[in-house]
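All remarks here apply to the structure that follows.
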Amino acid sequence: MFPYFGGKTRLAPTYPAPLYDTIVEPFAGGAAYAMHWLERRSDLKAILVELDPMVAELWRWLLQPGAAERVEAMPNVKAGQRTTEPLIALVNNGPTELTTIRNQGSCAVSPWHEQKWSRQRAIIAQRCRQFHGRIDIIEGDYVQAPNITATWFIDPPYQTQGKRYAQSADAIDFDMMGKWCQDRKGQTIVTEASPADWLPFQPHRRTLNQTFDMKTELVWYDAEHAPLRLFDGDQT
Numbered sequence: 004m005f006p007y008f009g010g011k012t013r014l015a016p017t018y019p020a021p022l023y024d025t026i027v028e029p030f031a032g033g034a035a036y037a038m039h040w041l042e043r044r045s046d047l048k049a050i051l052v053e054l055d056p057m058v059a060e061l062w063r064w065l066l067q068p069g070a071a072e073r074v075e076a077m078p079n080v081k082a083g084q085r086t087t088e089p090l091i092a093l094v095n096n097g098p099t100e101l102t103t104i105r106n107q108g109s110c111a112v113s114p115w116h117e118q119k120w121s122r123q124r125a126i127i128a129q130r131c132r133q134f135h136g137r138i139d140i141i142e143g144d145y146v147q148a149p150n151i152t153a154t155w156f157i158d159p160p161y162q163t164q165g166k167r168y169a170q171s172a173d174a175i176d177f178d179m180m181g182k183w184c185q186d187r188k189g190q191t192i193v194t195e196a197s198p199a200d201w202l203p204f205q206p207h208r209r210t211l212n213q214t215f216d217m218k219t220e221l222v223w224y225d226a227e228h229a230p231l232r233l234f235d236g237d238q239t
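Right under this line is the structure:
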């Protein structure tokens, strides 16, 4: 729905298509996988779980009637200004601005925000219209996701790299989460990055991270729905 640090906007098309009519993302963020497929298939709906109260509240705001018009009415921004709007802060793809708003009440608008905001505002407004009534949001921990038969896209803070979120990887018991992932009903896709080892991951793609270093994205599928082709080269 909106840019988010560690989101899967570019990688979403490289994962298998959903095989069930509901997608569950228990670490929602911007829910790039669910958004990719809801945009292309009108038969799909999504259940999202988000632990960060500020991000969960933003989701609730975007899912209310009239959200598209409220987004379109948000003003343009200029570099050097300050904003109190989490949605504008997230245009920069990072959690730093959200943390600044959380701690200081506002964050600085960068040239990157100014450049991207107008286009992102239009995209988000269109998605508000397209996805209205098709998404449910649960504020809470991932274990609160209902274990229904669905397509599960599980994209947690990465074991060694997910330290920058308000709810960081340091707070996750990865062994417990690995068992939880294996107990999901339906199609299960779990993402990580090398050298994570809490599930028997396979290489998925090599990508550039936020600091333009090459990293290997990993993936785990439940045995019943695992595709034959696992490693598909580079994604930059």
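Going by our numbering, the first residue of the sequence shown is number 4, and it counts up by one from there.
Each residue gets a CB set at the ideal place from its N, CA and C atoms; glycine is no exception.
In this structure the stretch 21-41 lies against the stretch 140-151, because at least three pairs of beta carbons, one per stretch, are closer than 8 angstroms. For Leu66, the enclosing alpha helix (DSSP H) stretches over residues 56-66. In the structure shown, Ile175 adopts coil according to DSSP, grouped into three states. Closest by C-alpha distance to Ile151, out of Asp139, Ile138, Gly189, is Gly189. For Ala172, the CB contacts under 8 angstroms within the same chain, skipping 5 residues up- and downstream, are Pro159, Pro160, Tyr161, Gln162, Thr163, Gln164, Gly165, Lys166 in chain order. Counting along the chain, Thr99 sits inside the alpha helix (DSSP H) bounded by residues 99-107.
Going by beta carbons, Arg85 and Val112 fall inside the 8 angstroms limit. Counting only the Cα atoms, Arg132 lies some 28 angstroms from Pro114. Within the model, the alpha-carbon separation for Pro56 versus Leu231 is close to 39 angstroms. Separation of Thr194 and Gln67 (C-alpha to C-alpha, rounded to the nearest whole angstrom) is 30 angstroms.
When rounded, the separation of the alpha-carbon atoms in Ala199 and Arg209 is 15 angstroms. Around the beta-carbon of Arg63, fewer than 16 other beta-carbon atoms lie within 10 Å, marking it exposed. When C-beta atoms of the stretch 75-85 are compared with those of the stretch 114-123, three or more pairs fall below 8 angstroms, so the two segments count as touching. If only complete runs of 3 or more residues are kept, the stretch 5-38 shows the beta strand (DSSP E) at 25-28, in order along the chain. A residue is called buried once 16 or more other Cβ atoms fall within 10 Å of its Cβ, and Ala34 is buried on that count.
Pro149 carries a coil assignment under DSSP once its states are collapsed to helix, strand and coil. Beta-bridge pairing by DSSP links Gln205 to Val222. The alpha-carbon separation between Ala174 and Asn95 amounts to approximately 25 angstroms.
Where Leu90 is concerned, the enclosing alpha helix (DSSP H) starts and stops at 89-93. Phe156 has its alpha-carbon roughly 15 angstroms from the corresponding atom of Ile141. The beta carbon of Trp223 lies closer than 6 angstroms to those of Val193, Leu202, Phe204 in the same chain, with the five residues before and after it left out. Counting along the chain, Glu53 sits inside the beta strand (DSSP E) bounded by residues 48-53.
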